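A.B. asks: In my numbering, each residue's number is its place in the sequence shown (first place is 1) plus 1.
Even for Gly, the Cβ is constructed at its ideal location relative to N, Cα and C.
What you are looking at is a predicted structure, and each value in this text was computed from that prediction instead of being measured.
First, the structure itself, so that you have it in front of you.
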Amino acid sequence: MSRIIKSGLIQMSLPKTEGEGSIDEIKEAMFQKHLPLIEEAGEKGVQILCLQEIFNTPYFCPGQDTKWYASAETVPGPTTERIATYAKKYSMVIIVPIYEKEQAGVLYNTAAVIDADGTYLGKYRKNHIPHTSGFWEKFFFKPGNLGYPVFQTRYAKIGIYICYDRHFPDGARVLGLNGAEIVYNPSATVAGLSQYLWKLEQPAHAAANGYFMGCINRVGEEKPWNLGKFYGSSYFVDPRGQIFASASEDKDELLIATFDLDMIDEVRSVWQFFRDRRPETYGKLTEL
Numbered sequence: 002m003s004r005i006i007k008s009g010l011i012q013m014s015l016p017k018t019e020g021e022g023s024i025d026e027i028k029e030a031m032f033q034k035h036l037p038l039i040e041e042a043g044e045k046g047v048q049i050l051c052l053q054e055i056f057n058t059p060y061f062c063p064g065q066d067t068k069w070y071a072s073a074e075t076v077p078g079p080t081t082e083r084i085a086t087y088a089k090k091y092s093m094v095i096i097v098p099i100y101e102k103e104q105a106g107v108l109y110n111t112a113a114v115i116d117a118d119g120t121y122l123g124k125y126r127k128n129h130i131p132h133t134s135g136f137w138e139k140f141f142f143k144p145g146n147l148g149y150p151v152f153q154t155r156y157a158k159i160g161i162y163i164c165y166d167r168h169f170p171d172g173a174r175v176l177g178l179n180g181a182e183i184v185y186n187p188s189a190t191v192a193g194l195s196q197y198l199w200k201l202e203q204p205a206h207a208a209a210n211g212y213f214m215g216c217i218n219r220v221g222e223e224k225p226w227n228l229g230k231f232y233g234s235s236y237f238v239d240p241r242g243q244i245f246a247s248a249s250e251d252k253d254e255l256l257i258a259t260f261d262l263d264m265i266d267e268v269r270s271v272w273q274f275f276r277d278r279r280p281e282t283y284g285k286l287t288e289l
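Structure follows, in structure tokens:
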């Protein structure tokens, strides 16, 4: 029997930014801007919805201002609890990328997973933290310490990889070995240095590991940092590495796609990468 999934990705620009309100007001404005698209996803029968990287604030990493530490919150916490009401209302799994505060001075770039009944299933913490080309993320985030978990949701086994993680094939492979059927990559990436990689690396991960991916990027320019244009172009890619649904480059958008998880078995029956891999020869990968 086919395992048909309807999934959605939301890419969003800022309604308010630094200097246009308090941090709490900026977060609330971003939350409220997302709500119509979250509701639309639910009304259209989306089963799994993923939001963009740290969805409810500007991507403040081009600066190094400690005041943004105050935007971090516990996970689970206030925002995940609010989102859970919509997950339960629409029987929709929702992936909620958020700035997490574990304790004073211990902050992570995190994505929480809320199941279709509103239950908090767990979280992934971004493992690879860049500090280059205007993305001064080590100032804000501690590297993740939860490995590469896979979450059994009502509809599918899902994994998460966040933004800069996508440049590292190792974790993408571990997610496949851990049983992920769909891997979501919420991102915040601007035109320029890595744009040519946006539709190269993640299709390669999908093909190398035989799973689906949903890849999200925010849109617009964010003042006062003006690092560049977030170019959207969110998309879904199948286990053959083929992009089968894409969003625009420059507008707020809910991208919805329907796909059959049975393709995973079909593809892996041809490309036996998991059977033929030779982990006993890969020791060099774990040498410091």
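(1) In the DSSP output, which residue or residues are listed as bridge partners for W137?
(2) Along the chain, where does the beta strand (DSSP E) containing Q243 start, and where does it finish?
(3) Does DSSP classify N218 as helix, strand or coil?
(4) Could you check what DSSP says for Q12 in three-state terms: helix, strand or coil?
(5) Rounding to the nearest angstrom, what Cα-Cα distance links P77 and R269 in this structure?
(6) Can you confirm whether the region 78-89 touches the region 218-235 when touching is taken to mean that 3 or more C-beta pairs between the two stretches lie within less than 8 Å?
(7) With 16 as the cutoff for other CB atoms within 10 Å, does G215 come out buried or exposed?
(8) Going by beta carbon distance, what residues of the same chain come within less than 7 Å of F142, once the five residues before and after it are set aside?
(9) Please return the same chain residues whose Cβ sits closer than 8 Å to the Cβ of D118, not counting the five positions on each side in sequence.
(10) Of all Cβ atoms in chain B, is any one closer than 7 Å to the Cβ of F213?
(11) Less than 7 Å separating the beta-carbons of F152 and V184?
(12) For G123, list the residues DSSP reports as bridge partners.
(13) Grouping DSSP H, G and I as helix and E and B as strand, with all else coil, what is T259?
(14) So, helix, strand or coil for Y162, using DSSP?
(15) Using only the alpha-carbon positions, how far apart do K200 and Y236 sit?
(16) Between F56, I39 and Q12, which lies nearest to I27 when the distance is taken from Cα to Cα?
(17) Smallest Cα separation from V238: which of L228, S249, K230 and A205?
(18) Cα-Cα, which of L262, F32, M264 and C51 is closest to P79?
(19) Hey, quick one: how far does the alpha helix (DSSP H) through I27 stretch, first residue to last?
(20) Look up Y109 in the DSSP assignment and give the residues it is bridged to.
(21) I'd like to check one pair, F169 with C62: are the Cβ atoms closer than 7 Å?
(22) Classify S72: buried if its beta carbon has 16 or more other beta carbons within 10 angstroms, exposed otherwise.
(23) Do N210 and G177 have their beta-carbon atoms positioned less than 7 Å apart in this structure?
(24) Could you give the uninterrupted runs of the beta strand (DSSP E) lying entirely in the region 151-204, keeping only those of 3 residues or more?
(25) If you count every other CB in all the chains shown that lies within 10 Å of the CB of Y283, and 16 or more means buried, which is it?
C.D. replies: Reading from the atomic positions:
(1) Per DSSP, H132.
(2) Segment: none, Q243 is in no beta strand (DSSP E) and carries neither H nor E.
(3) Three-state DSSP puts N218 in a strand.
(4) DSSP places Q12 in strand when its eight states are reduced to three.
(5) The alpha-carbon of P77 is positioned some 36 Å away from that of R269.
(6) Because the criterion of three Cβ pairs below 8 Å is not met, the region 218-235 and the region 78-89 do not touch.
(7) Buried is the call here.
(8) L108, Y109, N110, K127 and I130, listed in sequence order.
(9) Result list for D118: A88, K89, S92 and R155, in chain order.
(10) No chain B appears in the structure shown, which is made up of a single protein chain.
(11) At a Cβ-Cβ threshold of 7 Å, F152 and V184 do not count as neighbours.
(12) Per DSSP, the beta-bridge partners of G123 are V114.
(13) T259: strand per DSSP, three-state reduction.
(14) Y162: coil per DSSP, three-state reduction.
(15) The straight-line gap from Cα to Cα measures roughly 9 Å.
(16) Checking every option, the nearest Cα to that of I27 belongs to F56.
(17) It is A205 whose Cα lies nearest to the Cα of V238.
(18) Cα-wise, what sits closest to P79 is F32.
(19) Start and end: I24 to E44.
(20) DSSP output for Y109 lists E101 as bridge partner(s).
(21) No, the pair does not count as a contact, with Cβ atoms beyond the cut-off.
(22) By the 10 Å Cβ count, S72 comes out buried.
(23) Result yes, Cβ atoms of G177 and N210 sit closer than 7 Å.
(24) List check, beta strand (DSSP E) in window: 151-153, 158-161 and 183-188.
(25) By the Cβ neighbour-count rule, Y283 is exposed, with fewer than 16 other Cβ atoms within 10 Å of its own.
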